[in-house]
Every structure is written in structure tokens, then in C-alpha cells.
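Per my numbering, the very first residue in the sequence shown carries number 44; after that it's consecutive.
Think of the CB as a built atom: it goes at the ideal place given N, C-alpha and C, for glycine as much as any other residue.
Notes follow once the structure below has been shown.
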Amino acid sequence: MDMKKRRAILFVEDNPDDAELATRALRKSGIANDIVVVRDGQEALDWLFGEGAYAGRSPAELPTVILLDLKLPKIDGIEVLRRVRADPRTRLQPVVVLTSSDEEKDRVESYRLGANSYICKPVEFGPFAEAVKQLGLYWLLLNREPRD
44 MDMKKRRAIL
54 FVEDNPDDAE
64 LATRALRKSG
74 IANDIVVVRD
84 GQEALDWLFG
94 EGAYAGRSPA
104 ELPTVILLDL
114 KLPKIDGIEV
124 LRRVRADPRT
134 RLQPVVVLTS
144 SDEEKDRVES
154 YRLGANSYIC
164 KPVEFGPFAE
174 AVKQLGLYWL
184 LLNREPRD
């Protein structure tokens, strides 16, 4: 089995309903990867770099993709993206911004900092679940990373 198919998906989302819905949509589409949900930007960075509550977790074990909300407690998604791109270990890490913000300044800044994609979360249940399903299938099955 391809290592990529076994790597986790890191979902950085402070809304528990969105996190649960996205997890169910990914499972329903047949994605078997672990889905790690972290609730704020600091927890995301700790998980990625094996610090804080995640000390001892190897930062070499990168997720297949990071699904990153922008409006987060502690450290916002823009700053998480900035730090991910600034670190040589995670510079090439696929990051999809999945947020409720449709503000142009957020889109521009996300792409300027190296986001691979920017998706505005659909408000309704069905379209949101479908968007997450398509995201998962694309990033896990179709996308080819530089380290492949």
C-alpha cells in the first residue's frame, strides 16, 4: 500500500460540528486514513512539530494534507500557514484553506503564503459534506506530491 494512503489528514477546525461532519463525509467516501482534529492554531503547530502536548510525536510523520480553518483561537490560520511555510520540514506540505471567510484579503494572503487551495465552506450540510468528500478524494488519490 502506498505510504501516502496511510498518512493522516490534519484537520484544524475549532467548530466541533464542522469537524464531525467533515470526518463523517471522509469516512463515507471510503477514506480510511486517520483524521487528526485539532481545535486551535497552537495545537496544530504542536502536532506538526512534535511539541507541547504532542512532544514525542515525530515531526517527520507529516500528514497527507492539512485542512486549515482561518478563524481559530490562540493562533489564527494565516499565522499557522506562515509558520508551516517558513519551516523547511513542512515547506512543501499541502495545505488547503477550508474556511467560512470569503474575504478577498484572506484569499490573497493565503495564496501569498503558499496555500495550495482556498475553499469557502458551504453553509448547508449537503454541499459542505460533498466539498469535503471531493477534497479528500483529490488530495489522497489524485494529487502527486514532490516527495512521491
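Cross-strand partners of residue 118 (DSSP beta bridge)
By DSSP's assignment, residue 118 forms no beta bridge with any residue.
To the nearest angstrom, report how far apart residue 45 and residue 82 are at their CA atoms.
Bear in mind that a pLDDT of 44 at residue 45, under 50, signals an unreliable position, so the number given afterwards is only what the model happens to contain. If I take the Cα positions, the gap works out to 29 Å.
Specify the secondary structure class of residue 47 as computed by DSSP and reduced to three states.
Low local confidence applies: a pLDDT of 46 at residue 47 is under 50, so the model's placement there is unreliable, with the coordinate-based value given in what follows. Residue 47: helix per DSSP, three-state reduction.
Quick one: Cα of residue 156 to Cα of residue 127, how far?
Computed Cα separation, rounded: 9 Å.
Does the separation of the CB atoms of residue 162 and residue 106 fall below 7 Å?
No, Cβ-Cβ distance for residue 162 and residue 106 is not below 7 Å.
For residue 154, the first and last residue of its enclosing beta strand (DSSP E):
Secondary structure note for residue 154: it is in no beta strand (DSSP E), and the uninterrupted alpha helix (DSSP H) holding it is 147-155.
Could you give the residue range of the beta strand (DSSP E) that holds residue 141?
For residue 141, the enclosing beta strand (DSSP E) stretches over residues 138-142.
Beta-carbon separation (whole angstroms), residue 140 vs residue 111, contact threshold 8 Å:
With a beta-carbon spacing of about 5 Å, residue 140 and residue 111 fall inside the 8 Å limit used to define contacts.
Whole alpha helix (DSSP H) runs in the stretch 84-130 with 4 or more residues, listed along the chain?
Whole alpha helix (DSSP H) segments, 4+ residues: 84-92 and 120-129.
Is the distance from the Cβ of residue 118 to the Cβ of residue 138 below 7 Å?
In this structure, residue 138 does not lie closer than 7 Å to residue 118 by Cβ.
Count the other CB atoms, across all protein chains shown, that sit within 10 Å of the CB of residue 177; report buried if there are 16 or more and exposed otherwise.
Here residue 177 is exposed. Its C-beta has fewer than 16 other C-beta atoms within 10 Å.
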